[in-house]
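Numbering (the numbering used here), first residue to last: 3 to 162.
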């Protein structure tokens, strides 16, 4: 849903509508795809809820960018989603729930600890790699993967 009161509006441009009861599910990790008119433009992951992740994207306002207080990724996603909606494209978020996994760690006589293990980043890398192998490129908005990705998106290369 678009928010636009004036030409120079620099506030929140897009509201993400909750169309699924899973939108707020923070008991799982998520692999998600952002699609414009059925074409995947972004593959991502979150260890929180989809609502929290897209709430973070919503912080990428023009005002925040001018102040230098938002991430470049959040700004890019917000601007692209706004442009897509403003041009009549359908913007859909597809999510795959990934059960949270834990591992019990122990060392000598220390009290054992149950530690969370995240698989979401590995799934993101694998799916992005599959996409790249199939289409010859990454989704257009998968531009900032930093140290967490590889040149070809393969899990093997990531783990080396």
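Glycine included, every Cβ here is placed at the ideal spot set by N, Cα and C.
From 73, 57, 45 and 118, residue whose alpha carbon lies closest to that of residue 133 = 45
Using three-state DSSP, classify residue 2 as helix, strand or coil.
-> Outside the modelled stretch of the chain, which goes from 3 to 162, sits residue 2, for which no answer is possible.
Check whether the Cβ atoms of residue 27 and residue 51 lie closer than 8 Å to each other.
-> yes
Close Cβ partners of residue 143 (< 8 Å) along its chain, the five nearest in sequence each way excluded = 36, 43, 44, 78, 79 and 82
Segment contact flag, the stretch 10–18 with the stretch 64–73, C-beta cutoff 8 Å, min 3 pairs | yes
Hey, residue 53 and residue 25 are a contact pair by Cβ (cut 8 Å); roughly how many whole angstroms apart?
-> 5 Å
What are the start and end residues of the beta strand (DSSP E) that includes residue 144?
-> Careful: residue 144 lies outside any beta strand (DSSP E) and carries neither H nor E.
Classify residue 78 as helix, strand or coil using the three-state DSSP reduction.
-> helix
Buried or exposed (CB count within 10 angstroms, at least 16 for buried), residue 76 = buried
In angstroms with no decimal places, state the Cα-to-Cα distance between residue 22 and residue 99.
-> 13 Å
I think residue 30 touches residue 92, with their Cβ atoms under 8 Å apart; what is that distance to the nearest whole Å?
-> Contact flag wrong, Cβ pair sits at about 25 Å.
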